[in-house]
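Down below is the structure, laid out as structure tokens.
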Amino acid sequence: MKSDTTVIQPLDCKSGDTQPALRYNISCLYEGTATQGNPTLLNEIYTELYITESESGEINNEHEVRQIETQSRRAATEDTAIKCNDIFRPLPGQDKLIRTVLTKGVAGIGKTVSVQKFILDWAEGKENQDVQLIFPLPFREINLMKDKMFSLSDLLNIFFPETQEMKISCDEYKVLFIFDGLDECRLSLDFKSEVKLCKVSETASVDVLLMNLIVGNLLPSALIWITSRPAAADLIPSECVHRVTEVRGFNEPQKEEYFRKRISDQSLANRIISHLKASRSLYIMCHIPVFCWISAAVLEKMLSQAESGEIPKTLTQMYTHFLILQTNIKHEKDYEKKVNDEDMILKLGKLAFLQLVKGNLIFYDDDLRECGIDVTEASVYSGLCTQIFREKLGLHQGKVFCYVHLSLQEHLAALYVHLSFTVSTINVFDQIKQSLLSKISNQKKCNSLFELHQRAVNEALQSKNGHLDLCLRFLLGLSVESNQTLLQKLLTQTGSCSYIKKETVQFIKQKIRKNRSPEKSINLFHCLNELGDDSLMQEIQRCLEIINRIENRIPGPGTRMKSLIGPLPFQNTSKSTTPAHSSSLQLTIAK
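Start counting the sequence shown at 107; every next residue gets the next number (this note's numbering).
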């Protein structure tokens, strides 16, 4: 979700003020798109997010969907809730000065929208009126200044020309700097650097300026707010951070509130909520506001019209329908240059896969050109890519691209992997071991779709941070016949191959029995769900029912019950080939 272009507007001074306060016009919100489409007033659509105070800013390398699933099992009483507008205020009983706040949250969870709402409430005179100046500086835009030399005053004058006549100092103003998207930072933030800047007029590289500002050498009284995905949280040393908060997205009541605000027809909103609740994998994802927007866009159309086809019940179905929906939106508009859908989707898929392997969510012109994408073509697909134009900053129309959400990147990456095999019999996972942009002739051929799936499962299991987990779910889901039919609405050439689903199902079941990681096993269960196979889940459910019956008959601790009934099929013993799984996996299965 992206706000309207931020504009600095000087307002009339209050009585007694000697300088005008600078306020920002961010009242509009574009869901999913850059500047195309109909904007929504932020105050009309905004749903309060669940934000908590965290113990530390330690790094979390788990896949973000896995983190969402873990959070969905946590009791609310374990956390200390905090309102967005209170992040610089000590909680009751706390006695500490809060200068720098680090806010963590997975992609699409609502960090940027929280920033926008904070600024909007301030601009409307509702909250934090002790702050006189707010400077939002997203890292994706600061990246465009990489390797350039500026003073802090010069940098602010470039981003905010209205400050040229002002002398920014903490003696005159209480200032807040907001650095949104630390995970997107491509600067070298060296907090061990001995370069010390104390004056806003001193010149240095942008990364040195930011480091000195965050550390407190520059403007030591200024407030600092940094947002980041969890995996990049430790880029800022803990001693520089006075409070860590975490955006958890929507809790259960907030999910329903969003859909009731987003869908004007309340009867339709109720049907959408009921449908999502019927699928655990979909409802868990609704913690993420961007996924709620995707689901609302797809289900509003499918449930309100006499559309043919199955209503999406899996992630793969939902995202494939969304891709079709966005392509149809493009067709409804008159563009001077016609773009071939099939060619563009494959290029976007290649970009998604290569950047996913690299761990990048933000791409620049060079990244697009390497995949044969014309920048003007990409702008047509505003529902899939967002752009930032900074022509007014003299940055030669520098553009920054990203997919609306990481999960969309993973879906397109899976589509690229799938089509590369079905159309050209190429296993693109070999690119992980070779140069990421090696020529097609250097890539190995793949003999069967089952072999590709084997490779994909193994690659996902070997990943320490699970960055291929959701891509694997999508890849397996795309092999299902119903999704193959969906793809034919999108692409004229989807290829064909002989495929026996039972082989992949058996292979995944073997991996579940041998794997010792509960989180990895949970993802493999989701993979079976994408394939439409619940045989192993039914087997486990029968075992759980047996346990419940025995525990009801025989009193005693759980350890005694286990000794009486013996190991479950997915538990490990010295005589069994199946691994032990932690209680977290058993609880998840039970739920």
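Even glycine gets a Cβ: it sits at the ideal position worked out from N, Cα and C.
- Its Cα nearest to that of H427, the residue L592 stands out among E230, L592, T610.
- Annotation: T531 is outside any alpha helix (DSSP H) and is labelled neither H nor E by DSSP.
- Taking each of K202, V212, Y156, G455 in turn and checking the Cα distance to N357, the smallest one comes out for Y156.
- C346 is positioned such that its CB atom lies closer than 8 Å to that of V321.
- Counting along the chain, R561 sits inside the alpha helix (DSSP H) bounded by residues 555-568.
- DSSP lists S311 as the beta-bridge partner residues of M255.
- Note on geometry: alpha-carbon atoms of V563 and M643 lie some 19 Å from one another.
- Linking L452 to M408 through their CA atoms gives a straight-line distance of about 26 Å.
- Judged by their CB atoms, D286 and P343 are not nearer to each other than the 8 Å cut-off.
- Fewer than three pairs of CB atoms, one per stretch, sit closer than 8 Å, so the stretch 333-340 makes no contact with the stretch 374-393.
- By the Cβ criterion, the stretch 513-521 is in contact with the stretch 567-582, since at least three pairs of Cβ atoms, one from each stretch, lie closer than 8 Å.
- Between the alpha carbons of C392 and K607 lies a distance of about 29 Å.
- Following the DSSP letters along the chain, one finds E159 inside the beta strand (DSSP E) bounded by residues 157-160.
- Under DSSP, E352 shares a beta bridge with T158, K210.
- Per the C-alpha coordinates, the member of L429, L329, I330, E230 positioned closest to V404 is L429.
- Shown here for L388: same chain residues with a beta carbon closer than 6 Å to its own, the five before and five after excluded, namely L382 in chain order.
- Between Q599 and V534, the C-beta spacing is not below 8 Å.
- Contact holds between the stretch 252-266 and the stretch 297-314, because three or more Cβ pairs, one in each stretch, are under 8 Å apart.
- For S160, same chain residues with a beta-carbon under 8 Å away, outside a window of 5 residues either side, are K210, V350, T351, E352 in chain order.
- Check the Cα spacing between N318 and each of W331, V301, S327, I332: the tightest is with V301.
- Here A229 carries a helix assignment [DSSP, helix/strand/coil].
- Take K626, set aside five residues on each side of it, and the residues of its chain with a beta-carbon closer than 7 Å to its own are L567, in chain order.
- The DSSP assignment places 641-659 as complete runs of the alpha helix (DSSP H) inside the stretch 627-662, in order along the chain (cut-off: 4 residues).
- With contacts defined as CB atoms closer than 8 Å, N629 and D575 qualify as a contacting pair.
- The closest CA to that of L431, considering only D472, K570, P196, K595, is found on K595.
- Here A187 is exposed: its Cβ has fewer than 16 other Cβ atoms, across all protein chains shown, within 10 Å.
- Sorting F613, L250, F283, N191 by C-alpha distance to the C-alpha of D471 places L250 at the top.
- The beta carbon of E233 is closer than 6 Å to those of N191, D227 in its chain, skipping five residues each way along the sequence.
- In the DSSP assignment, F580 falls within the unbroken alpha helix (DSSP H) covering 575-583.
- A check of alpha carbon separations from G455 across I390, H573, E271, C477 identifies C477 as the nearest.
- V611 is the residue among V611, A384, G638 whose C-alpha sits nearest the C-alpha of L555.
- In the DSSP assignment, S334 falls outside any alpha helix (DSSP H) and within the unbroken beta strand (DSSP E) covering 329-334.
- Check the Cα spacing between K361 and each of Q200, T422, S401: the tightest is with S401.
- A distance below 7 Å between beta-carbons, with the five flanking residues on each side excluded, links S307 to the following residues of its chain, in chain order: S257, S259.
- Secondary structure at A187: strand, using DSSP grouped into helix, strand and coil.
- A check of alpha carbon separations from I479 across D447, N466, L462, P267 identifies D447 as the nearest.
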